[in-house]
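Report on the structure given below.
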Amino acid sequence: MIRVLVVDDHELVRSGIVRLLADAKNINVIGEACCGEDAIK
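Under the numbering used here, residue 56 is the last one in the sequence shown; the count climbs by one each step, no gaps.
Set out below in structure tokens:
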């Protein structure tokens with residue numbers, strides 16, 4: 016299983032990517048962040 020953290024400053028883009036990845040059977044979105052700093056936390 017591939018674990019993915021989606022990071023983008025545009026909420027609409029982030030949610031679209033998460034929805035696309037949700038359809039993939041071998042990808043698990045573990046979280047979202049609006050910037051790199053938040054992703055590291």
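For each residue, glycine too, the CB sits at the ideal point set by N, CA and C.
Residue 25 versus residue 36 - alpha carbon distance: Our two residues, residue 25 and residue 36, have alpha carbons roughly 17 angstroms apart in a direct line.
For residue 33 versus residue 47, is the C-beta spacing smaller than 8 angstroms? At the C-beta level, residue 33 and residue 47 come within 8 angstroms of one another.
Report all residues from its chain with a CB closer than 7 angstroms to the CB of residue 41; omit the five preceding and five following residues, and keep chain order. Listed in chain order, the non-local C-beta contacts of residue 41 below 7 angstroms within the same chain comprise 16 and 17, local neighbours out to five positions each way being set aside.
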